[in-house]
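If you're matching them up, the sequences are chains A and B in order. Take any residue in the first sequence, note its place counting from 1, add 2, and you have its number in our numbering. Take any residue in the second sequence, note its place counting from 1, add 62, and you have its number in our numbering. See below for the structure under consideration.
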Amino acid sequence: MNWTVAWITARGLFGRRRFLLLFPLPVILLALTWFAKSTGSPPSGWGPPLLSGLGIAVVLPIVALIVGTGVLGSEIDDGTIVHVLTKPLPRREIILAKLAVSIAVTVAVVCVPMFVAGVITDSVRLGGAVAAATALGAVAYSALFLLLSLLTRRPVLLGLLYVLLWEGLLGNVLSGTRVLSVQQYVIAVADRLGDSPFLLEARLSTPLSLVMSALITVASTGVAIDRLRSFSVAGETS
Amino acid sequence: MSAVELTGVSRWYGNVVAVNDVTMTLGPGVTGLLGPNGAGKTTVLHMTSGFLAPSRGTVLLDGQATWRNPGAYRHLGLVSEREAVHGFLSAREFVTASARMHKLPNPAQAAARAIGLVEMADAQDRRIDTYSKGMRQRTRVAAALVHDPAVLLLDEPFNGMDPRQRAHMLDLLHRLGADGRTVLFSSHILEEVEQVSGTVQVIVAGRLAASGDFRTIRRLMTNRPHVFTIKSSDDRRLAVALIGEPSVTGIEVAPDGLTVRAGDYGTFTRALPKIARGGGIRVQRLHPADESLESVFSYLVAT
């Protein structure tokens with residue numbers, strides 16, 4: 003963990019206009035939850051689609067995508083990454099610093115509203131469960147999207163395809179794809195912790211979800227470190 | 063004292079060879095990497111700075127490969143051509159952050175020294191966004207110099223600078239070279255290289271075309287045959303008069319003017335007005351036909 007790299011990364015993240023994109027989704031989540039609650043209808047009807055369907059399946063991955071690709075992808079895009087790479091820093095330190103920033107920002111932007119939405123829906127226990135589960139998701143998604151920034155020049159597009167097609171569409175049609183779906187891990191862990199009728203039911207076992215989350219995080223980070231070691235700058239004029 | 067050694071370095075992208083079997087050794091002082099656009103200068107600099115793996119050959123800095131070796135940056139500074147900077151930082155923040163990433167014992171002091179070296183102290187607390195191109199470039203040089211590297215690489219450092227900024231940068235490079243640093247900068251403009259460096263490496267179409275003392279290469283360049291097209295009030299009479307001039311090696315007469323080959327640029331261009339005036343001929347157009355840099359370079363490759 004290198005604090006200077008983390009500091010520059012955070013300044014860069016907050017300095018870009020893209021950062022403002024982070025806020026509408028959590029606000030919509032909270033507004034809808036509050037509105038549903040105020041209608042007086044039972045949360046068993048609107049809880050699962052709101053908390054799991056919107057919060058876990060949409061808000062979390064989209065925010066993590068914006069942040070995860072923002073901490074490294076934007077710097078690769080505009081070339082400022084060269085300033086960080088021309089330093090005698092082990093590439094591990096750079097990746098871990100960026101990962102830490104991505105996780106911290108995603109957790110702050112997603113877990114806090116998720117907690118509030120859980121409390122509004124039912125109880126502090128439900129809030130705590132969805133917040134903890136989304137925190138786990140924030141870690142895995144951040145590692146995944148950070149790696150995408152190094153594998154492709156279009157990490158946002160590829161990340162969206164993963165979230166929308168793989169997790170969103172295929173995850174509902176082909177049960178086999180769920181094993182490689184961070185969304186399913188988060189749903190499973192939230193269901194286990196919250197044990198509440200107001201959440202979608204787990205389709206994977208909790209141990210499998212935890213192991214797979216850890217595996218994806220560690221593997222993505224490891225590959226990202228190695229890719230950064232071989233980071234090439236293509237000459238525009240060569 | 064640090065040395066950069068490129069031995070038999072080639073780099074290709076698919077079927078395209080960008081750099082072909084380049085061998086050079088760089089020592090203390092300023093060296094210009096001269097070549098037309100697209101010759102492979104940037105590719106050479108990227109390989110030297112560890113941002114590109116050579117397809118063949120070795121790039122060594124003090125005996126160690128630069129590729130996949132972040133430790134090399136302890137002795138190496140790079141100012142890339144893309145002027146990307148963290149515009150939301152001030153020069154002081156930016157250079158201090160560089161010093162911290164180098165893990166220098168006293169980052170603030172090192173940053174102040176580097177900023178002083180490029181004479182940016184007055185503006186150091188303004189956001190980099192607000193700087194002129196030259197100021198940005200100097201800030202990037204300061205960041206590249208903050209750890210006092212023995213080797214400094216700059217890719218087209220004069221691009222887009224106005225004459226004053228250019229003079230400033232020239233002076234800075236001079237000083238860095240005189241301090242015993244190994245400075246390598248690329249340029250496609252002959253005059254820039256002439257003003258800064260005693261040694262040049264000329265690269266054309268991916269190959270090292272000439273290498274060594276600038277004056278020797280400059281002489282090669284100026285003594286090559288030059289071709290001029292001339293239109294005058296009486297082309298034939300002018301041709302007769304010119305053929306008696308020793309610097310003229312050949313003349314071709316065409317309906318739209320003369321094509322004159324001269325062995326020596328300076329002598330011919332000084333002689334022409336005198337000859338024309340002596341014969342009462344009015345020169346309407348005088349045009350050097352092959353003064354493009356590419357032709358100068360291709361002449362060098364041929365010799």
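Ideal placement from N, C-alpha and C gives every residue a C-beta, glycine not left out. Since this is a predicted model, take the numbers as computed values, not measurements.
Rounded separation between residue i and residue j - CA only
{"i": "A/Val112", "j": "A/Pro28", "result": "7 Å"}
{"i": "A/Leu202", "j": "A/Ala145", "result": "25 Å"}
{"i": "A/Ala33", "j": "A/Leu53", "result": "12 Å"}
{"i": "A/Arg94", "j": "A/Leu152", "result": "14 Å"}
{"i": "B/Arg193", "j": "A/Ala12", "result": "Sequence check: residue 193 of chain B is Tyr here, not Arg. Roughly 22 Å separates the two Cα atoms."}
{"i": "B/Ala80", "j": "A/Leu159", "result": "31 Å"}
{"i": "B/Arg101", "j": "B/His137", "result": "Strictly speaking, residue 101 of chain B in this sequence is Ala, with Arg absent from that position. When rounded, the distance between both Cα atoms is 27 Å."}
{"i": "A/Met3", "j": "B/Leu232", "result": "39 Å"}
{"i": "A/Gly130", "j": "A/Leu206", "result": "20 Å"}
{"i": "A/Gly139", "j": "A/Val132", "result": "10 Å"}
{"i": "B/Glu254", "j": "B/Arg281", "result": "16 Å"}
{"i": "B/Arg175", "j": "B/Ala204", "result": "9 Å"}
{"i": "B/Val106", "j": "B/Val78", "result": "15 Å"}
{"i": "A/Ser240", "j": "B/Gly91", "result": "Bear in mind that the predicted position of A/Ser240 carries a pLDDT of just 36, short of 50, making it too unreliable to give a figure here."}
{"i": "A/Leu172", "j": "A/Pro157", "result": "20 Å"}
{"i": "B/Ala240", "j": "B/Ser111", "result": "22 Å"}
{"i": "B/Ile305", "j": "B/Val345", "result": "16 Å"}
{"i": "A/Phe25", "j": "A/Thr108", "result": "11 Å"}
{"i": "A/Phe117", "j": "A/Trp36", "result": "13 Å"}
{"i": "B/Val380", "j": "A/Lys100", "result": "The structure shown does not extend to residue 380 of chain B, since chain B spans only 63 to 365, so no value can be given for it."}
{"i": "B/His288", "j": "A/Gly224", "result": "60 Å"}
{"i": "A/Val84", "j": "B/Ser64", "result": "22 Å"}
{"i": "B/Ser142", "j": "B/Glu218", "result": "8 Å"}
{"i": "B/Gly325", "j": "B/Glu307", "result": "11 Å"}
{"i": "B/Lys368", "j": "B/Leu235", "result": "Lying outside 63 to 365, the shown extent of chain B, residue 368 of chain B is not represented and no answer is given."}
{"i": "A/Thr154", "j": "A/Thr71", "result": "11 Å"}
Local conformation of residue i per DSSP, three classes
{"i": "B/Pro98", "result": "coil"}
{"i": "B/Ala65", "result": "coil"}
{"i": "B/Phe113", "result": "coil"}
{"i": "B/Val266", "result": "strand"}
{"i": "B/Asp83", "result": "strand"}
{"i": "A/Gly14", "result": "helix"}
{"i": "B/Lys293", "result": "strand"}
{"i": "A/Ser43", "result": "coil"}
{"i": "B/Ala324", "result": "strand"}
{"i": "B/Ser72", "result": "strand"}
{"i": "B/His108", "result": "helix"}
{"i": "B/Gly342", "result": "coil"}
{"i": "A/Leu202", "result": "coil"}
{"i": "A/Leu27", "result": "helix"}
{"i": "B/Arg347", "result": "strand"}
{"i": "B/Leu122", "result": "strand"}
{"i": "B/Leu288", "result": "Note that residue 288 of chain B is His in the sequence shown, not Leu. Strand, per DSSP."}
{"i": "A/Trp5", "result": "helix"}
Reference residue i; option with closest CA among the options
{"i": "A/Leu98", "options": "A/Ala226, A/Ser232, A/Val235, A/Ala110", "result": "A/Ala226"}
{"i": "A/Ala221", "options": "A/Val158, A/Ile189, A/Phe233, A/Val141", "result": "A/Val141"}
{"i": "A/Val69", "options": "A/Ser54, A/Ser234, A/Leu22", "result": "A/Leu22"}
{"i": "A/Gly49", "options": "A/Ala133, A/Pro63, A/Leu128", "result": "A/Leu128"}
{"i": "A/Thr88", "options": "B/Pro317, B/Leu215, B/Ser117, B/Arg175", "result": "B/Leu215"}
{"i": "A/Arg19", "options": "B/Phe150, B/Gly91, B/Arg298", "result": "B/Phe150"}
{"i": "B/Thr429", "options": "B/Ala170, B/Arg130, B/Met109, B/Lys195", "result": "Absent from the structure is residue 429 of chain B, since the part of chain B shown begins at 63 and ends at 365."}
{"i": "B/His209", "options": "B/Gly306, B/Met182, B/Val322, B/Gly133", "result": "B/Gly133"}
{"i": "A/Val213", "options": "A/Ser234, A/Asp197, A/Val181", "result": "A/Val181"}
{"i": "A/Phe233", "options": "B/Arg118, B/Gly91, B/Glu254, B/His108", "result": "B/His108"}
{"i": "B/His164", "options": "A/Phe117, A/Pro92, A/Leu101", "result": "A/Pro92"}
{"i": "A/Gln186", "options": "A/Phe25, A/Ile105, A/Thr208, A/Pro157", "result": "A/Thr208"}
{"i": "B/Val266", "options": "B/Gly76, B/Lys103, B/Glu181", "result": "B/Lys103"}
{"i": "B/Leu95", "options": "B/Val345, B/Glu155, B/Ser259, B/His148", "result": "B/Ser259"}
{"i": "B/Pro225", "options": "B/Ala127, B/Leu334, B/Gln257", "result": "B/Gln257"}
{"i": "B/Thr201", "options": "B/Ile177, B/Leu122, B/Ile313", "result": "B/Ile177"}
{"i": "B/Trp74", "options": "B/Gly119, B/Thr93, B/Glu145", "result": "B/Gly119"}
{"i": "A/Ser46", "options": "A/Asp197, A/Ile218, A/Thr219", "result": "A/Asp197"}
{"i": "B/Glu181", "options": "B/Asn168, B/Ala212, B/Gly196", "result": "B/Gly196"}
{"i": "A/Ile30", "options": "A/Leu176, A/Asp193, A/Gly57", "result": "A/Gly57"}
{"i": "B/Phe366", "options": "A/Thr82, A/Gly120, A/Ala59, A/Phe16", "result": "The question about residue 366 of chain B has no answer, for chain B in this structure spans 63 to 365."}
{"i": "B/Val71", "options": "B/Gly89, B/Asn99, B/Leu114", "result": "B/Leu114"}
Under 7 Å (Cβ pairs) to chain A, residues found in the segment 119-132 of chain B
Under the 7 Å Cβ criterion, the segment 119-132 of chain B contributes Arg130, Pro132.
Ordered list of alpha helix (DSSP H) runs contained in the segment 139-225 of chain B, each at least 4 residues
Complete alpha helix (DSSP H) runs here, min 4: 153-163, 169-179, 195-207.
Taking the runs of the beta strand (DSSP E) that are 3 residues or longer, which of them lie wholly in the segment 225-281 of chain B?
Within the segment 225-281 of chain B, the complete beta strand (DSSP E) runs of at least 3 residues are 244-249, 261-266, 269-275.
Interfacial residues, the segment 54-79 of chain A to chain B, with Cβ spacing under 8 Å:
Answer in chain order: no residues at all.
Could I get the ranges of all uninterrupted alpha helix (DSSP H) runs contained in the segment 111-153 of chain A, with 4 residues as the minimum, in chain order?
DSSP runs (the alpha helix (DSSP H)) wholly in the segment 111-153 of chain A: 114-123, 126-153.
At a CB distance below 8 Å, what residues from the segment 8-34 of chain A approach chain B? Give them in sequence order.
Hits within the stretch, in order: Trp9, Ile10, Arg13, Gly14, Gly17.
At a Cβ cut of 8 Å, what residues of the segment 80-103 of chain A count as close to chain B, listed as they run along the chain?
Listed in sequence order: Asp80, Gly81, Thr82, Val84, His85, Val86, Leu87, Thr88, Lys89, Pro90, Leu91, Pro92, Arg93.
If you measure beta-carbon to beta-carbon, which residues of the segment 220-235 of chain A are closer than 9 Å to chain B?
Identification of residues in the segment 220-235 of chain A having a C-beta nearer than 9 Å to some C-beta of chain B yields Arg231, Ser232, Phe233, Ser234, Val235, given in sequence order.
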